[in-house]
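Structure, as structure tokens:
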Amino acid sequence: MNNQQNRPVTLSDRIAAYVHGADLEKIDPAAVQKAKDVVLYNVALALQCRRDGHPLGMQAFNIARALSPGGGPATLIGYRERAMPLDAAFVNASQMRAYTLDDVIFPAGIHSGLMAIPSALALAEERGRSGRDVLAAVIVAYEVMGKLGMFVWDSSTPRRPTMAYGTFGAAIAAGRILGLTQEQFRHAIGYAVHSAQGVAEAGDYPGPPEHYYSLVTRAGMTGALVAHAGGRSSSTSLEGRFGFFDTFVGKSFDADKLVASFGHDYQIMTWVEKRYPGTGLNIVGVEMMREIVTSSKLKPADVREVRFLVPEERRNFAAGHEPGPFESARDASGAAAYHMAMVLVDGGKIDFRRYEQFAAPEMRAAVAKIKPILVPGKSNIRWTRLEVDLADGRTITREGETYTFPPIPPHQRLASAADGLLTRAQIDRCFELLMALDKQSSVGPMMACLAPEDAQRAG
């Protein structure tokens, strides 16, 4: 015991102190509002998945039904059946991910919503926790994931960011809801380190395996539950000789600067939504291409070549910038080159039906004009430059580091996703409760709105 009391303070201790002590009263109100928007965005994705009967959502539901045969206290979004919290979080994360429109934070590039939101909602519902508890859990989980994850892009080890950092978010969000002590949080962080999983290999199935992010969420939650039950882990699991950073990052970092950044410039404010599949890194380039095509009224015959310049740090994340030709709809839907080809062929539109037309001659011809180029010395991972050579000898260029989609009113977003699944009264009530989540003494009423009233929609 004395050895533990006298040991040096580690990074795990310092992160634990922040996540344990963060108070919603002291968090920037803009970050609190953003957290509500992010929760709504992810809940809407889950409802859309359920309404459409997406096969990945149905698979996840069947898994949860097998693991929680007696039901449970936590809502499966869009279902009348319920499950135990780990199983509910698994289903809800899978539903939020199904269309690969899940949110991402930059510069880390982590799909933070999939980790934090299902974890916080499932445990909060089970334990009768408040909306304030959920919002604080989501905000601090985004904060730690995003700021730890800034070290991943130039790693020599090929990994997707959420593979290494996702479990931290799920463990922290779950730990806040569980009410972990500072010491228990330190152990939960250690379990998150040891739960990191996955490799970047794409091969014949581009991207992580199906339900991968749901498994990361479940692993992080489990670590928090183990710590809550008294489980212990190494205090040097992050910065030790054989710890997380040496294993997964392989470079030095400024721990003091990292810790000092917590609670300022909140990572949840960097949240980026997606309106078409693929990595959020591609949005800047695709939208620049859309603007060029629409403003100049370009047709495929007008374009000789498009050079798509991105930072060389993206080398280990090739699925987003590979040049084609593409051999499957999944391949095509993840690639910037295919989206730019869609925009060119269809006059600025992105028609999701085009993903299945990856072998169509007009699509292959357009894709062949898109040339990805990796460029050194760019500090922003989203930096993109387009150089569009036209048949008449002109070149149109665009360069940028960020793009924000025109806003969709949040009630409209929720109603559109739940149309035909929930009643109008349920949608309105859910929206009302969610937008006032910081005033709700329990998340139970809001979650109850997410179960369809029509028995025919049960399962």
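According to my numbering, the stretch in the sequence shown is residues 788 to 1246, in order.
No residue lacks a Cβ here, since even glycine has one placed at the ideal position from N, Cα and C.
Point to revise | Within 8 Å, strictly: CB atoms of Gly865 and Pro1239 | key: yes
Point to revise | When Gly1207, Leu1201, Tyr886 are compared against Arg1216, the one with the closest alpha-carbon | key: Leu1201
Check your understanding: When the distance is taken between beta carbons, is Leu832 closer than 8 Å to Gln882?
Key -> yes
Review point. Just reading off the alpha helix (DSSP H) that Leu922 is part of, what are its end residues?
Key: 918-935
**Study point:** Contained beta strand (DSSP E) runs [length at least 3] in the region 1152-1213, N- to C-terminal order
**Key:** 1157-1162, 1171-1177, 1182-1187
**Study point:** Exposure of Asn849, with buried meaning 16 or more beta-carbon neighbours within 10 Å
**Key:** exposed
Exercise for review: On a CA-only basis, which of Gln820, Lys1156, Val1059 is nearest Phe1095? Give me that one, please.
Suggested key: If you compare the alpha carbons of Gln820, Lys1156, Val1059 with that of Phe1095, the shortest gap goes to Lys1156.
Check your understanding: Measuring CA to CA, which of Asn1103, Glu1092, Cys836, Thr1182 is closest to Ala1124?
Key -> Glu1092
Practice item. Within its chain, find whatever has a CB closer than 8 Å to the CB of Ala1116; leave out the 5 residues flanking it on each side and keep chain order. Key: Tyr1142, Glu1143, Phe1145
Review point. With distances taken from CA atoms, which of Asp1133, His1126, Thr887, Ala1042 is nearest Asp800?
Key: If we check each option's Cα against that of Asp800, Ala1042 comes out closest.
Review point. Which residue's Cα is closest to the Cα of Glu1174: Ile1160, Ile1168, Gly1027, Gly1164?
Key: The shortest C-alpha separation from Glu1174 is found at Ile1160.
Point to revise | Cβ shell of Thr1057 (< 6 Å), same chain only, five flanking positions each side left out | key: Ile892, Phe893
**Study point:** Proximity test, Thr944 beta-carbon vs the ligand MN heavy atom, cut-off 7 Å
**Key:** The ligand MN is not among the ligands present in this structure, which contains no ligands whatsoever.
Practice item. Kindly confirm or deny that the region 901-908 and the region 921-940 touch, where touching means at least three C-beta pairs closer than 8 Å. Key: yes
Point to revise | Proximity winner among Arg838, Lys1061, Gly966, Ile1079, relative to Val1132 (alpha-carbon distances) | key: Ile1079
Point to revise | Reference Met1222; option with closest CA among Lys823, Ala851, Gly966 | key: Minimum Cα-Cα distance from Met1222 among the listed residues Lys823, Ala851, Gly966 corresponds to Lys823.
Check your understanding: Around the C-beta of Asp991, are 16 or more other C-beta atoms found within 10 angstroms, so that it is buried, or is it exposed?
Key -> exposed
Exercise for review: Name the two residues that bound the continuous beta strand (DSSP E) containing Phe877.
Suggested key: Here Phe877 belongs to no beta strand (DSSP E); instead the alpha helix (DSSP H) covers 872-884.
Practice item. Give the range of the alpha helix (DSSP H) segment to which Val825 is assigned. Key: 816-839
**Study point:** Span separating the alpha-carbon of Val878 from that of Asp1176
**Key:** 46 Å
Point to revise | Proximity winner among Ser943, Thr1182, Lys1061, Ser1022, relative to Pro1194 (alpha-carbon distances) | key: Lys1061
Review point. From Val980 to Leu967, what distance separates their C-alpha atoms?
Key: 17 Å
Check your understanding: What are the start and end residues of the alpha helix (DSSP H) that includes Pro842?
Key -> Segment 842-854, the alpha helix (DSSP H) holding Pro842.
**Study point:** Span of the alpha helix (DSSP H) around Glu913
**Key:** 899-914
Check your understanding: Is DSSP giving Pro1098 helix, strand or coil here?
Key -> strand
Point to revise | Contacting residues, own chain, Cβ-Cβ under 6 Å from Ala1110 (five flanking each side not counted) | key: Residue 1110 is actually Pro in this sequence, not Ala. Counting only Cβ-Cβ distances below 6 Å, and skipping sequence neighbours, we find Ala1124, Pro1159.
Exercise for review: Report yes if the C-beta distance between Ala895 and Met950 is below 8 Å; otherwise report no.
Suggested key: Taking a C-beta distance under 8 Å as the contact criterion, Ala895 and Met950 do not qualify as a contact pair.
Check your understanding: Quick one: what's Val1003 bridged to in DSSP?
Key -> Per DSSP, none; premise fails for Val1003.
**Study point:** C-alpha gap between Pro795 and Thr1023, whole angstroms
**Key:** The alpha-carbon of Pro795 is positioned some 10 Å away from that of Thr1023.
Check your understanding: Since Phe972 is in the alpha helix (DSSP H), which residue starts that stretch and which ends it?
Key -> 969-982
Point to revise | Own chain residues within Cβ distance below 6 Å of Leu1012, not counting five before or after | key: none
Practice item. Closer than 6 Å by C-beta to Ser899: which residues in its own chain qualify, once you throw out the five before and the five after it? Chain order, please. Key: Ile892, Tyr929, Met932, Gly956
Review point. By how many angstroms is the C-alpha of Pro1148 removed from the C-alpha of Ile897?
Key: 35 Å
Exercise for review: Would you kindly check if the distance between the Cβ of Pro1232 and the Cβ of Leu1224 is under 8 Å?
Suggested key: no
Review point. According to DSSP, is Thr1140 helix, strand or coil?
Key: Note that residue 1140 is Arg in the sequence shown here, rather than Thr. Reduced to three states, the DSSP call for Arg1140 is helix.
Review point. When you compare only the Cα positions, how much space is there between Arg884 and Gly1180?
Key: Cα to Cα, the separation comes out at about 43 Å.
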